[in-house]
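Student:
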Amino acid sequence: MTTGIKVQLSACRGCARCIKVCPTEAMRVLDGKVMIIPELCVDCGECIRKCEDRAILINEDNWRLLASQDSTLIAADPAFYVQTRGYSCPEVFSSRLKEAGLEDITPWTSLAFDVTAYAIAKEIEKRGPEGLPLISTYCPSVIRLIQINYPELVGRFVLVDSPLETAVSLWREDTGRGDDVTLIAPCPAKVALVRSPEGRPKSSMKYAVSIQNVVRDLLAGGVEVDQPVEPCGGDLRYLLWSLRGGESKHVSAFCNRPIRTISVAGLRNTMDLLRELELGRLEGVDYIECRACDLGCIGGVGNLESRFLTHLRLDHIDVEWTMTDQESEAVNRWYESEIWKLSAPLKARQRLPLDQDLGQAMVRLREMNQIYAELPHIDCGSCGRPSCKALAEDVVRGNGEATDCIFKLRERIYELAREVAELSSRSPHAFNRKR
Amino acid sequence: MTEVYVEEYVVKGDSFLEVGEASTKLKGTLKMLGIPSDVTRRASVVVYEAEMNVMIHAGGGVIKASISSDSLVIEAVDHGPGIADIDLAMQEGYSTASDRIRELGFGAGMGLPNIKRNSDELDIETALGEGTTLRATLRFERG
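Residue numbers (this note's numbering), protein chains in the order written: chain A, -12 to 422; chain B, 12 to 154.
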């Protein structure tokens, strides 16, 4: 299922660092090479951050090839616009991009984020207190994490499409154009959004490339994107979505009543929050915004610039939260058209149980506990699994041996050695008897 | 099928850092066994609240989960002071937790009502000065 991350086997030396940072324990090192269990991968990119051999990469399209066309249409993640000093004004930036043969659909992107925020606000207002809090569907990694690890919470997703998808739909409706669009993404999860979207049969975009590739290319190509640009008067609300809490602010601005939102960034915080939500301990909260990456999308592994600097830039832009009449009219019109709606509900994607039959599953679970009890419980990773628990599980699922554990192997060798010693002490006797 | 799978968790008194461990472990177990996710969610809540109760009020105890073909029984046993008035304890917002516990954000008087809401059957045996045994049953198919 994973489509945002790829492994370059020739570069992997099986160091097993990546398997320890994976939040869903989706990685193994078998026969000296890393492998990803696709059903468990959430495309968060933690493994890419950790890999020192560049063996794990974002599974993106070939930017060189795309950029070499006469004109390339791009839809960019908000994080894209704060990667260099010159990006504080998407419109000015757009004209620079034109020089490089790139056509950015930015006015529609900006509109799409407004429509999305408005639609979320309306969904919150529609729900009674029992149905709240709703959970944001902006971070594709968080969607997957909930589908796999917190299946009980899938009913809380706000069924509003990613504003990046909506942006392209709006642009197509408005211009009637059918060209292929390339998403410029800050992380593998958003690449996966294009490759295998949730809640819609097909993405409205065709290609996906990482921000770092595009920005590097622009800088290397001599396109003037690094010169400071005067902040423009245009609407910059949507840029804040790349920072933790930006979405909540935007949604709040459209709500008729004050709403209570919680925004967290980073997988550790996200998992803690989801757990509390699962236990029913978050009463009185209206909306929950989780981002897999530290600080938000600017912390994505596909960015070029330091997340601290981009944070600084975003902190200093002037954002106008009140809409002009003209803007309100457009947002209302598109809201009514329901262009923002996810066409299918998001489904849970639970892990396979140990056995389909409950009785058999119990037998195997006991077996697993037995194996686990005999392992050293230090989670060293030498067996190629992230933890002793994972090894025990792999063994009962038929994907390994207890002697994959280096300590179990030593015990076995010791036993064998003792047997050999014992046998060798008997040999003269046997020798005599033979004679 | 008469197969029963049992797991036990020891809850220590005053161990705020560890609270929630039993519910996390049980959740993992239920997933491995392929128990319906609605039951898993309700079981997490029941065990979490039971853990809190045992830790705050009784200075520790044992929680036992028994899984059979059609139901899950969660038993929380402690040798604490016992519950003086069960009807009162079942009321939302009623709590005998100390100020210190409340300052930590717990003891809001939602424990037992929450357990009741999430289980199909609830049975509490308690004796002052001797302790409390709580038994919650969650059926896999809610009738």
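Beta carbons are placed, not taken as given, at the ideal position from N, Cα and C, and that holds for glycine. Predicted, not measured: the structure shown is a model, and the values here were computed from it.
Measuring only the C-alpha atoms, how far is isoleucine 61 of chain A from arginine 4 of chain A?
Tutor: Along the first sequence, read from residue 1 onward, the residue named residue 61 of chain A stands at position 74. Along the first sequence, read from residue 1 onward, the residue named residue 4 of chain A stands at position 17. Those two C-alpha atoms are separated by around 35 Å.
Student: Taking threonine 51 of chain B as the reference, which of B:Glu62, B:Val73, B:Pro92 and B:Leu37 has the closest Cα?
Tutor: Within the second sequence, the letter at position 40 stands for residue 51 of chain B. The candidate whose alpha carbon is nearest that of threonine 51 of chain B is B:Leu37.
Student: Taking CB distances under 8 Å as the criterion, tell me whether asparagine 125 of chain B reaches chain A.
Tutor: Sequence index remark: in the second sequence, residue 125 of chain B carries index 114 (1-based). Chain A contact via Cβ: present.
Student: Only counting runs of 3 or more residues, tell me where the beta strand (DSSP E) segments fall wholly within the stretch 70 to 125 of chain B, in order along the chain.
Tutor: Counting only runs of 3 or more, we get 71 to 78 and 82 to 89.
Student: Can you pull out the residues from the stretch 24 to 40 of chain B whose beta carbon lies closer than 9 Å to at least one beta carbon of chain A?
Tutor: Listed in sequence order: Gly31, Ser34, Thr35, Lys38, Gly39 and Thr40.
Student: Round the Cβ separation of isoleucine 122 of chain A and isoleucine 246 of chain A to the nearest angstrom and send it over; I've been treating them as touching at under 8 Å.
Tutor: Here residue 122 of chain A corresponds to residue number 135 of the first sequence, with the count starting at 1. Here residue 246 of chain A corresponds to residue number 259 of the first sequence, with the count starting at 1. That belief does not hold up - the Cβ atoms of isoleucine 122 of chain A and isoleucine 246 of chain A are roughly 14 Å apart, past 8 Å.
Student: Can you tell me which of A:Ser374, A:Ile393 and A:His237 puts its alpha carbon nearest to the alpha carbon of methionine 14 of chain A?
Tutor: Locating residue 14 of chain A in the first sequence gives position 27, counting from the first residue. Among A:Ser374, A:Ile393 and A:His237, the Cα nearest to that of methionine 14 of chain A is on A:Ser374.
Student: I believe aspartate 131 of chain B touches threonine 144 of chain B by the beta-carbon criterion, under 8 Å. Please report the beta-carbon distance rounded to the nearest angstrom.
Tutor: For the purposes of this step, residue 131 of chain B is identified with residue 120 of the second sequence, where counting begins at 1. For the purposes of this step, residue 144 of chain B is identified with residue 133 of the second sequence, where counting begins at 1. The pair is not a contact, with the Cβ atoms about 18 Å apart (cut-off 8 Å).
Student: What residues match up with serine 412 of chain A in a beta bridge as DSSP calls it?
Tutor: Here residue 412 of chain A refers to the residue found at position 425 when the first sequence is read from its first residue. In the DSSP output, where bridge partners are listed per residue, serine 412 of chain A has none listed.
Student: Of all the options B:Ala108, B:Asn125 and B:Asn129, which has the alpha carbon lying nearest to the alpha carbon of methionine 101 of chain B?
Tutor: The sequence position of residue 101 of chain B within the second sequence is 90, counting from 1. Per the Cα distances, B:Asn125.
Student: If the cut is a Cβ gap below 8 Å, which residues of chain B does glutamine 425 of chain A touch?
Tutor: Nothing about residue 425 of chain A can be reported from this structure: the residues present for chain A run from -12 to 422 only.
Student: Which value, in whole angstroms, describes the spacing of the CA atoms of cysteine 2 of chain A and lysine 127 of chain B?
Tutor: In the first sequence, the residue the question calls residue 2 of chain A occupies position 15. In the second sequence, the residue the question calls residue 127 of chain B occupies position 116. Taking the straight line from one Cα to the other gives about 49 Å.
Student: Note down, one range per segment and in chain order, each alpha helix (DSSP H) of at least 4 residues found wholly within the stretch 109 to 158 of chain A.
Tutor: With a minimum length of 4 residues, the continuous alpha helix (DSSP H) runs that stay inside the stretch 109 to 158 of chain A are 127 to 136.
Student: Could you have a look at lysine 193 of chain A and say whether DSSP puts it in helix, strand or coil?
Tutor: Stepping through the first sequence from its first residue, residue 193 of chain A is reached at position 206. Three-state DSSP puts lysine 193 of chain A in coil, outside helix and strand.
Student: Suppose the cutoff is 7 Å on Cβ atoms and the five residues either side in sequence are ignored; what does the same chain contact list for valine 79 of chain A look like?
Tutor: The sequence position of residue 79 of chain A within the first sequence is 92, counting from 1. Closer than 7 Å at the Cβ level, and outside the excluded window around valine 79 of chain A, lie Val216 and Cys219.
Student: List, in chain order, every chain A residue whose beta-carbon is nearer than 7 Å to that of valine 56 of chain B.
Tutor: Looking up residue 56 of chain B in the second sequence gives position 45. What valine 56 of chain B touches in chain A: Leu266 and Gly267.
Student: Within 10 angstroms of its Cβ, does leucine 27 of chain A collect 16 or more other Cβ (buried), or is it exposed?
Tutor: Taking the first residue of the first sequence as position 1, residue 27 of chain A is located at position 40. Under this definition leucine 27 of chain A is a buried residue.
Student: Roughly how many angstroms lie between the CA atoms of serine -3 of chain A and arginine 131 of chain A, to the nearest whole one?
Tutor: Looking up residue -3 of chain A in the first sequence gives position 10. Looking up residue 131 of chain A in the first sequence gives position 144. Distance between the alpha carbons of serine -3 of chain A and arginine 131 of chain A: 29 Å.
Student: Leaving out five residues on either side along the sequence, give the residues of the same chain with a beta carbon under 7 Å from the beta carbon of asparagine 129 of chain B.
Tutor: Numbered from 1 along the second sequence, position 118 holds the residue referred to as residue 129 of chain B. Taken in chain order, the residues that qualify are Arg53, Val56 and Val57.
Student: Using C-beta distances below 7 Å, list every residue in its chain close to arginine 422 of chain A, excluding the 5 sequence neighbours before and after it, in chain order.
Tutor: Indexing the first sequence from 1 puts residue 422 of chain A at position 435. Residue confidence for arginine 422 of chain A is low, a pLDDT of 49 falling below 50, so the modelled location carries little weight; the figure read from the coordinates is stated next. For arginine 422 of chain A, where only same-chain residues beyond five positions count, there are no Cβ hits under 7 Å.
Student: Between which two residues does the beta strand (DSSP E) carrying arginine 278 of chain A extend?
Tutor: Against the first sequence, residue 278 of chain A aligns to sequence position 291. Note, arginine 278 of chain A: beta strand (DSSP E), 274 to 278.
Student: Please report how far the alpha carbon of glycine 154 of chain B lies from the alpha carbon of glutamate 62 of chain B, in whole angstroms.
Tutor: Along the second sequence, read from residue 1 onward, the residue named residue 154 of chain B stands at position 143. Along the second sequence, read from residue 1 onward, the residue named residue 62 of chain B stands at position 51. With a pLDDT of 43 at glycine 154 of chain B, under the threshold of 50, the predicted position of this residue should be treated as unreliable, though the coordinate-derived value follows. Rounded to whole angstroms, glycine 154 of chain B to glutamate 62 of chain B spans 27 Å at the Cα level.
Student: Please check the pair arginine 72 of chain A and aspartate 213 of chain A, which I expect to be a contact at CB under 8 Å, by giving their CB distance rounded to whole angstroms.
Tutor: As a first step, residue 72 of chain A is located in the first sequence; it is residue number 85 there, counting from the start. As a first step, residue 213 of chain A is located in the first sequence; it is residue number 226 there, counting from the start. 6 Å between Cβ atoms; contact.
Student: On the three-pair Cβ rule with 8 Å, is the stretch 259 to 274 of chain A touching the stretch 285 to 302 of chain A?
Tutor: In short, these stretches do not touch, since the Cβ pair count stays below three.
Student: Taking DSSP's pairing of strands, which residues face glycine 142 of chain B in a bridge?
Tutor: By one-based count along the second sequence, residue 142 of chain B stands at place 131. Answer is B:Ala138, bridged to glycine 142 of chain B.
Student: Applying a beta-carbon distance threshold of less than 9 Å, which residues of chain B neighbour glutamine 337 of chain A?
Tutor: For the purposes of this step, residue 337 of chain A is taken as the residue at position 350 of the first sequence. The contacting residues are Lys42, Gly45 and Ser48.
Student: Please confirm if arginine 52 of chain B has its CB atom under 8 Å from at least one CB of chain A.
Tutor: Mapped onto the second sequence, residue 52 of chain B falls at position 41. It does; some Cβ of chain A falls within 8 Å.
Student: Using a Cβ cut-off of 7 Å, pull out every chain A residue sitting near tyrosine 59 of chain B, in sequence order please.
Tutor: Within the second sequence, residue 59 of chain B is the residue found at index 48, counting from 1. Leu266, listed in chain order.
Student: Assuming the contact rule is C-beta atoms closer than 8 Å, tyrosine 125 of chain A and tryptophan 228 of chain A should be a hit. Round their C-beta distance to whole Å, please.
Tutor: The count along the first sequence starts at 1 and reaches residue 125 of chain A at position 138. The count along the first sequence starts at 1 and reaches residue 228 of chain A at position 241. Right, the Cβ-Cβ distance comes to about 7 Å (below 8 Å), so this counts as a contact.
Student: If you reduce the DSSP assignment to three classes, tell me which class alanine 63 of chain A lands in.
Tutor: By one-based count along the first sequence, residue 63 of chain A stands at place 76. Three-state DSSP puts alanine 63 of chain A in a strand.
Student: State the DSSP-derived secondary structure class of alanine 3 of chain A, mapped to helix, strand or coil.
Tutor: Counting from 1 along the first sequence, the entry for residue 3 of chain A is found at position 16. If DSSP states are grouped into helix, strand and coil, alanine 3 of chain A belongs with coil.
Student: So what's isoleucine 393 of chain A in DSSP terms, helix, strand or just coil?
Tutor: Translated into the one-based positions of the first sequence, residue 393 of chain A becomes position 406. Of the three classes helix, strand and coil, the one that applies to isoleucine 393 of chain A here is helix, per DSSP.
Student: Let me confirm a value: proline 188 of chain A is counted as buried when at least 16 other C-beta atoms fall within 10 Å, else exposed. Which label applies?
Tutor: Numbered from its first residue, the first sequence carries residue 188 of chain A at position 201. Per the 10 Å Cβ criterion, exposed.
Student: Roughly how many angstroms lie between the CA atoms of leucine 362 of chain A and arginine 353 of chain A, to the nearest whole one?
Tutor: Here residue 362 of chain A refers to the residue found at position 375 of the first sequence. Here residue 353 of chain A refers to the residue found at position 366 of the first sequence. Rounded to whole angstroms, leucine 362 of chain A to arginine 353 of chain A spans 15 Å at the Cα level.
Student: Using 10 angstroms around the beta-carbon of asparagine 64 of chain B, count the other beta-carbons present and answer buried if the total reaches 16, otherwise exposed.
Tutor: Translated into positions along the second sequence, residue 64 of chain B becomes position 53. Classification of asparagine 64 of chain B: buried, given that the 10 Å Cβ count is 16 or more.
Student: Considering glutamate 18 of chain B, what are the terminal residues of the beta strand (DSSP E) in which it resides?
Tutor: On the second sequence, residue 18 of chain B is found 7 positions in, with the first residue counted as 1. Here the beta strand (DSSP E) through glutamate 18 of chain B covers 16 to 23.
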